[in-house]
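Novice:
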Amino acid sequence: MAQEVRGVVARKQGEPVSVETIIVPDPGPGEAVVKVQTCGVCHTDLHYREGGINDEFPFLLGHEAAGVVEAVGSDVTEVAPGDFVILNWRAVCGQCRACQRGRPWYCFDTHNAKQPMTLTDGTALSPALGIGAFAEKTLVAAGQCTKVPEVAPAAAGLLGCGVMAGIGAAINTGGVGRGDSVAVIGCGGVGSASVLGASLAGAAKIIAVDIDDRKLEQARKLGATHTVNGKTEDPIEAVRALTDGFGTDVAIDAVGRPETWQQAFYTRDHAGTVVLVGVPTPDMRLEMPLIDFFSRGGSLKSSWYGDCLPSRDFPMLVDLYQQGRLDLDAFVTETISLDGVEASFEKMHHGDVLRSVVVL
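Counting from 1, position 67 in the sequence shown corresponds to residue 67 in the UniProt record's numbering; the numbering is continuous, with no gaps.
(1) What runs of the alpha helix (DSSP H), each 4 residues or longer, lie entirely inside the UniProt domain "Alcohol dehydrogenase-like C-terminal" (189 to 321)?
(2) I'd like the list of long-range same chain contacts for E31, defined as Cβ closer than 8 Å, with 5 residues on each side in sequence excluded.
(3) Let me know if T232 comes out buried or exposed under the rule of 16 or more other beta-carbons within 10 Å of its beta-carbon.
(4) Does the stretch 188 to 201 come into contact with the stretch 315 to 330, if we say contact requires no fewer than three beta-carbon pairs (one atom in each stretch) closer than 8 Å?
(5) Going along the chain, which unbroken runs of the beta strand (DSSP E) with 3 or more residues stay wholly within the stretch 112 to 188?
(6) One question on the structure: do F134 and V8 come within less than 9 Å of each other, judged by their Cβ atoms?
(7) Could you say if the stretch 238 to 250 and the stretch 259 to 268 meet the contact criterion of at least three C-beta pairs nearer than 8 Å?
(8) Do G202 and G179 count as a contact pair if the criterion is CB distance below 9 Å?
(9) Within this structure, are the beta carbons of G174 and V275 separated by less than 9 Å?
(10) Indicate the three-state DSSP secondary structure (helix, strand or coil) for A2 in the structure shown.
(11) Classify Q37 as helix, strand or coil using the three-state DSSP reduction.
(12) Can you tell which of Y106, T227, G166, V85 has its C-alpha closest to the C-alpha of C42?
(13) At what residues does the beta strand (DSSP E) containing S356 begin and finish?
(14) Out of G122, I22, G130, E50, which one is the CA nearest neighbour of E346?
(15) Given a threshold of 16 other Cβ atoms within 10 Å of its Cβ, counted over all protein chains shown, does N54 qualify as buried or as exposed?
(16) With a cut-off of 8 Å on the beta carbons, I'd call L309 and W105 a contact; round off their distance for me.
(17) Would you list the residues sitting across from G7 in a DSSP beta bridge?
(18) Could you pull out every residue in the same chain whose Cβ sits closer than 8 Å to the Cβ of A80, ignoring the five residues on either side in sequence?
(19) Starting from E64, follow the beta strand (DSSP E) in both directions and report where the run begins and ends.
(20) How would you call T21, buried or exposed, if buried means at least 16 neighbouring beta carbons within 10 angstroms?
(21) Whose CA, out of E342, V17, L60, lies closest to the CA of E136?
(22) Whole angstroms are fine: how far does the CA of G230 sit from the CA of A66?
(23) With distances taken Cα to Cα, identify the nearest neighbour of I211 among F57, D26, G191.
(24) Indicate the three-state DSSP secondary structure (helix, strand or coil) for V79 in the structure shown.
(25) If we call anything under 9 Å between Cβ atoms a contact, is P153 one with H63?
(26) How would you write the range of the alpha helix (DSSP H) that T44 sits in, first residue to last?
(27) Please return the same chain residues whose Cβ sits closer than 6 Å to the Cβ of K205, not counting the five positions on each side in sequence.
(28) Can you tell me whether S356 is buried or exposed? The criterion is at least 16 other CB atoms within 10 Å of its CB, across all chains shown.
(29) Taking C-beta to C-beta, are Y321 and C161 nearer than 9 Å?
(30) Report the option in S337, H350, H47 whose CA atom is closest to the CA atom of T38.
(31) DSSP state of E15, grouped into three classes?
(32) I'd like the list of long-range same chain contacts for D319, defined as Cβ closer than 8 Å, with 5 residues on each side in sequence excluded.
(33) Identify every residue that forms a DSSP beta bridge with L87.
(34) How is the alpha helix (DSSP H) around E342 delimited, first residue to last?
(35) Got a sec? Which residues, its chain only, sit under 6 Å from N172 by beta carbon, not counting five neighbours each side?
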C-alpha cells in the first residue's frame, strides 16, 4: 500500500525548497523502499534546485543517504527488509559494454526505480540522482542499496556521494600511490575527501589549495602536509615551490571551474595526472594552447563518482571507519531536520560547513 511521507521538494528553479507530503508506492520488481535515517546536503542538490542539472521540476532532493530497507519487490534477492544500507546512484546493469568488459564503474545503463514518487495531486517527482532521500522514506532500484555493517548513519551516508567521490578521485581515478605528491584544489567536502584518500593511499606530500583558511585547516587535520591560500599566493607557483620546481604526480580539481582546472594542469609534473572531480556548469568553456597538452604529456581524467563500484568500495570504507582509519565523523559539521535544508544551502554557499546532515 502506498505511503504518505514528508520530503523536501524543489518546485521551481531558484526558489526556496519546501517540505511537502509525497506518495511512495509499494516496491515493484527490482525495487526497494528504504526508511531513510540520514541524508547529507550535497552541492549537487543545490545544482538541482538552481536548474544546473536539468529542468525536470519538481525535484525530490537528497541522495547522500543511509537507512534501513523496509520492503522489496518480489524478485529482489540482494537485499532484504531490515538490512542497513548506503544508497548509491550507480546501480550497475551488468549487461552494457562497460560491464561486459569488466569495468562496471563505467556502466552506461545504471538502474533507478521504475515507478515515480509523486505529490499528493499525482504530479511525478524527479528524484535527485535517482534517489530522492530528503524524505522519511524513498523508493529506489534495489541495486542502489549497498548493504554494509551497521554504523553511525550520519557518517556512513556520506559515502553515498561526496566522500566517495573525493576518495575515489584520488585512489581509483588518480591512482595515487605510496610516496606520490598530490595537489588538491578546492577543499570543500569532495576536496577534503580527496586529501583523505591521498593520505590513505600513502602519498608523501599532499598540498591542499583553497581561498578559505578554515577549509585549509580542516584539510591539514585530514592529512594535508602543506596548504596554499590562493588569495595570497599563486597556486601554481606555490605548488611548484613545494615540489622542487617539478609539480605534483597527481593534481585534483575539486572545484570544476576553468581557472581551477588550469591550475591543476600546470601544477602537475610532466607526465603527471590531472583529475577533474568538481562539476562544471554547461556554460563553462576552456581555452588553452593545444601545444601544452602535447608537450606536457600525462593523463587528463574525469572522475565520475570517484570511479567507484559501490558493492566493492562501500563495505571496504566502512571497515576502515570501524578500524578508526577513516575519519568520516570529521565531515559531519552539523545535523539538521528536513526543515533546515534551505538554510544549509546558504551555509554551504558561504563555506561554513563540510556537510550538514539531515537526521530523520
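Don't be surprised by glycine CBs; every beta carbon is placed ideally from N, CA and C. Remember, predicted model here, so these are calculated numbers, not experimental data.
Specialist: Reading off the structure:
(1) 189 to 200, 213 to 221, 235 to 241, 258 to 267, 290 to 296
(2) Position 31 of the sequence shown holds residue 31. Result list for E31: V72, G73, V76, A113, K114, Q115, L139, V140, A141, A142, in chain order.
(3) As a first step, residue 232 must be located in the sequence shown, where it is residue number 232. Per the 10 Å Cβ criterion, exposed.
(4) yes
(5) 137 to 141, 145 to 147, 181 to 185
(6) Counted from its first residue, the sequence shown places residue 134 at position 134. Counted from its first residue, the sequence shown places residue 8 at position 8. Taking 9 Å as the Cβ cut-off, F134 and V8 qualify as a contacting pair.
(7) yes
(8) Against the sequence shown, residue 179 aligns to sequence position 179. Against the sequence shown, residue 202 aligns to sequence position 202. Yes, they are a contact pair.
(9) What you label residue 174 is simply residue 174 of the sequence shown in a count that begins at 1. What you label residue 275 is simply residue 275 of the sequence shown in a count that begins at 1. A contact, by the Cβ cut-off of 9 Å.
(10) The residue labelled residue 2 in the question sits at position 2 within the sequence shown. Coil at A2, not helix or strand.
(11) The residue given as residue 37 occupies position 37 in the sequence shown. Strand at Q37.
(12) Here residue 42 is taken as the residue at index 42 of the sequence shown, counted from 1. Closest option to C42, Cα to Cα, is G166.
(13) Here residue 356 is taken as the residue at index 356 of the sequence shown, counted from 1. From DSSP, the beta strand (DSSP E) with S356 extends over 356 to 359.
(14) Translated into the one-based positions of the sequence shown, residue 346 becomes position 346. Selection G122, I22, G130, E50 evaluated against E346 yields E50 as nearest (Cα-Cα).
(15) For this step, residue 54 is matched to residue 54 along the sequence shown. Per the 10 Å Cβ criterion, exposed.
(16) What you label residue 309 is simply residue 309 of the sequence shown in a count that begins at 1. What you label residue 105 is simply residue 105 of the sequence shown in a count that begins at 1. At roughly 5 Å, the Cβ-Cβ gap stays under 8 Å, so L309 and W105 are in contact.
(17) Walking along the sequence shown from the start, residue 7 turns up at place 7. Paired residues: E20, A135.
(18) Mapped onto the sequence shown, residue 80 falls at position 80. Cβ neighbours of A80 beyond the five flanking positions: V69, V72.
(19) Looking up residue 64 in the sequence shown gives position 64. It spans 64 to 72 - the beta strand (DSSP E) in which E64 sits, taken as one unbroken run.
(20) The residue labelled residue 21 in the question sits at position 21 within the sequence shown. Looking at its Cβ environment, which holds fewer than 16 other Cβ atoms inside 10 Å, T21 is exposed.
(21) Taking the sequence shown and counting its residues from 1, one reaches residue 136 at position 136. Comparing Cα-Cα distances from E136 to each of E342, V17, L60, the minimum goes to L60.
(22) Here the question's residue 66 lines up with position 66 in the sequence shown. Here the question's residue 230 lines up with position 230 in the sequence shown. Approximately 35 Å, taken between the alpha carbons.
(23) In the sequence shown, the residue the question calls residue 211 occupies position 211. Nearest C-alpha to I211: G191.
(24) Here residue 79 refers to the residue found at position 79 when the sequence shown is read from its first residue. Coil, per DSSP.
(25) As a first step, residue 153 is located in the sequence shown; it is residue number 153 there, counting from the start. As a first step, residue 63 is located in the sequence shown; it is residue number 63 there, counting from the start. In this structure, H63 does not lie closer than 9 Å to P153 by Cβ.
(26) Within the sequence shown, the letter at position 44 stands for residue 44. Here the alpha helix (DSSP H) through T44 covers 43 to 49.
(27) Locating residue 205 in the sequence shown gives position 205, where the first residue counts as 1. Taken in chain order, the residues that qualify are S181, T225.
(28) By one-based count along the sequence shown, residue 356 stands at place 356. It is buried - the Cβ of S356 has at least 16 other Cβ atoms within 10 Å.
(29) In the sequence shown, residue 321 corresponds to position 321, counting from 1. In the sequence shown, residue 161 corresponds to position 161, counting from 1. No, the Cβ-Cβ distance between Y321 and C161 is not below 9 Å.
(30) By 1-based counting over the sequence shown, the position of residue 38 is 38. If we check each option's Cα against that of T38, S337 comes out closest.
(31) Walking along the sequence shown from the start, residue 15 turns up at place 15. Reduced to three states, the DSSP call for E15 is coil.
(32) Here residue 319 corresponds to residue number 319 of the sequence shown, with the count starting at 1. Excluding sequence neighbours, D319 sits near P149.
(33) Residue 87 sits at position 87 when you count from the first residue of the sequence shown. DSSP lists C145 as partners of L87.
(34) Along the sequence shown, one-based indexing puts residue 342 at 342. First-last of the alpha helix (DSSP H) with E342: 341 to 349.
(35) Along the sequence shown, one-based indexing puts residue 172 at 172. By the criterion of a C-beta distance shorter than 6 Å, N172 is surrounded in its chain by G306, D307, once the five residues flanking it on both sides are discounted.
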